[in-house]
Amino acid sequence: MELDVPEEYLDIFEVLDDDAIELEFIFFGIPKQIYQRSDFFSSLDDIAFKRRFRLSKESVLFVLTYIETDLEYSNDLNQSVSPINQLLTFLRFCATAKHYMSVGDFMGCHLSTICRIIHRVARAISLKCKKFISMPKNDTELKEAANDFFKIAKFPRIIGTIDCTHIRIQSLGGDDAEIYRNRKGYFSINVQAICRANLKVSNIVARWPGSTHDSTIFNNSRVHSEFESGVFKNYLILGDSGYPVLKYLMTPLLNPNSQSEQLYNESHIRTRNTVERCFGVIKRRFPILAYGIRMKKIDTIMAIITSTFILHNIAIQFNVEIPDIDGNDPLSLLINNGDLNINAINNQQQQDDVGGINQRANIINHYFSRL
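Heads up: the sequence shown begins at 1 in the UniProt record's numbering, then just goes up one per residue.
Below, the structure written as structure tokens:
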């Protein structure tokens, strides 16, 4: 049964949260309808399946083993959606960035059901974050991570590259709404991530408003405390000039003079590029991160972001191909031009640490000067 929505109410349904669902019930009542649900897992071949859900069938079953019990219903009295179809619904939502109603039409569910499924699956996956997103800790993992980065541009002792990316959201309203407006003028969550040489995410912080500076997020993160306490020994991470140089965080030189300083900067740029590529790949896999998340429940927004980063790691684990996007495609333009380099905009000078300055000079003088 198609709902004939009056034109004056169309804008209401652009807001993707429970309030919009309740408004529909007020205007139209709760429609009684039996939906026909397709068995996409069985009916689609592997290529068609990956195009629609961005993961392979094998990787979907793998994810399901971790969250199936969280998604099961106690009975089937109301045509409850199976755990695998709940997961596919969430994947379809993240793969298309379309409204609940469009996803519901595709999956054969009412939009209120889609709303509940998105909340449910995002929470279930995000709670597994520590299982799939973690920094290297023991000697073997640290050495392996450093060797992988060394192969890129011969920068020694690197176990991760750090940066932030802005995920567009709609205004949350209320007294604190403006803190989510970033320096480009739109509302966002500023998401910090550290990635490895293979583009897997090893750390994520997805809770800070868009107006927050990258260095503030890092300074208040758990991984910062771990570096300060020596958990990662003498290993390093790379960041851009928006971060202060620290004894474990190397940033580029603003004005390289010698050949060794130029070699340092060149190696730094090529190695640090992994985190920028990582963000691009994640947004290609899950375009909702490029187009924006249109809902007002901040906890669900953060869960969706975290979940997509987890699913990205699983996609790499199962060698799922990166979706092809034409260079002139709107999504490609959003990924390439729509992100915000907040450091370049405000050109804020960070307070460099003396130990970090000495560490960087030591690397240049005792390593890059010999290349």
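A virtual CB, placed ideally from N, CA and C, is assigned to each residue, including glycine. It should be emphasised that the depicted structure is a prediction, and the values quoted were computed from it without experimental measurement.
| Query | Result |
| --- | --- |
| Residue ranges of each alpha helix (DSSP H) within the UniProt domain "DDE Tnp4" (162-313), 4 or longer | 214-219, 222-228, 259-285 and 288-291 |
| Beta-ladder partner(s) of I158, from DSSP | L236 |
| Nearest to I316 (by Cα), restricted to the options S202, Y248 and I301 | S202 |
| Cα-Cα separation between G104 and F187, rounded to whole angstroms | 27 angstroms |
| Residues near N190 by beta carbon distance below 6 angstroms, same chain, minus five either side | C164, H166, W208, G210 and T212 |
| Inter-residue Cα distance where the pair is Y100 and R92 | 10 angstroms |
| Beta-carbon proximity check, K296 vs G173, cutoff 8 angstroms | yes |
| Beta-carbon proximity check, I364 vs S215, cutoff 8 angstroms | no |
| Option nearest T140 by Cα separation, candidates E58, L55, L289 and F232 | F232 |
| Endpoints, alpha helix (DSSP H) assigned at D94 | Asp is not the amino acid found at residue 94; the sequence shown has Cys there. Note, C94: alpha helix (DSSP H), P83 to T96. |
| Under 8 angstroms between C-beta atoms of N234 and R157 | yes |
| Residue nearest to Y291 in terms of C-alpha spacing, selected from K98, L71 and S56 | K98 |
| Test item: CB-CB of I237 and T161 under 8 angstroms | yes |
| Member of N198, S241 and I194 whose CA lies at the smallest distance from the CA of V223 | I194 |
| Burial state of V63 (16 or more Cβ within 10 Å) | buried |
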